[in-house]
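One structure below.
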Amino acid sequence: MIDASNRVLTNIKTYVAETCKNVSNYSSKAPPEFPAVSVVQIDNPDACMDLENNENAVTSVIEIQCYSNKSNTETRNIINKCCDAMRMMGYRRTYGPKPVTNASDTSIYRTVARFTRLVSAVDEIEKFETKGAQSSLF
1158 MIDASNRVLT
1168 NIKTYVAETC
1178 KNVSNYSSKA
1188 PPEFPAVSVV
1198 QIDNPDACMD
1208 LENNENAVTS
1218 VIEIQCYSNK
1228 SNTETRNIIN
1238 KCCDAMRMMG
1248 YRRTYGPKPV
1258 TNASDTSIYR
1268 TVARFTRLVS
1278 AVDEIEKFET
1288 KGAQSSLF
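Going by this note's numbering, the sequence shown runs without a break in its numbering and finishes at 1295.
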């Protein structure tokens, strides 16, 4: 199965390391530390099969949630960096970034964005070495 979720998570961790140390693939209403980023692949359906019914491509759908106990501004700043990193990996934003009320604890600020990209069997998302190295892609 084609699965880009680990590379995406690793790249986001690398790209936002200066701003946010708590990046993981959990989905929670209240993370253990703030600020926090959740990177979850929420869908990964087949997009293309060959004549032997082998998977050749998938549509990777990633949801990123940023959490803060300070302000929506902090979540917006972090998710904007995540959006930049996702664009560098070839993803297209399909939702957000949008502030969401955290029903379980209204003192926690949360912003959500979703991204999609076609990932083929012969396509590899390049690994980010450092944030500074990736800035040169623009």
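Backbone N, C-alpha and C fix where the C-beta goes; we use that ideal spot for every residue, glycine too.
Next on the checklist: Please report the straight-line C-alpha distance between PRO1192 and ILE1282, rounded to a whole angstrom.
Outcome noted: About 26 Å.
Next on the checklist: Beta-carbon within less than 6 Å of ILE1219's beta-carbon, same chain only, minus the 5 sequence neighbours each way: which residues are those?
Outcome noted: The answer, listed in chain order, is VAL1165, GLN1198 and PHE1272.
Checklist entry - Looking at C-alpha atoms only, which residue of ALA1214, LEU1275 and SER1225 is the closest neighbour of SER1185? => result SER1225
Checklist entry - If you drop the 5 nearest sequence neighbours on each side, which residues of the same chain put their C-beta closer than 8 Å to that of ASN1234? => result THR1176
Next on the checklist: To the nearest angstrom, how far is the alpha carbon of TYR1266 from that of VAL1257?
Outcome noted: 8 Å
Checklist entry - Just the Cα atoms here: how many angstroms apart are ALA1290 and ASP1207? => result With a pLDDT of 49 at ALA1290, under the threshold of 50, the predicted position of this residue should be treated as unreliable, though the coordinate-derived value follows. Answer to the nearest angstrom: the Cα atoms are 36 Å apart.
Checklist entry - Nearest to ASP1203 by CA position, among THR1263, ILE1159, GLU1231 and VAL1279, is which residue? => result When each option's Cα is compared against that of ASP1203, the closest is ILE1159.
Next on the checklist: Can you tell me which residues form a DSSP beta bridge with VAL1180?
Outcome noted: VAL1194
Next on the checklist: Can you give me the C-alpha to C-alpha distance between THR1230 and ASN1211, rounded to a whole angstrom?
Outcome noted: Straight-line Cα distance between these residues: approximately 45 Å.
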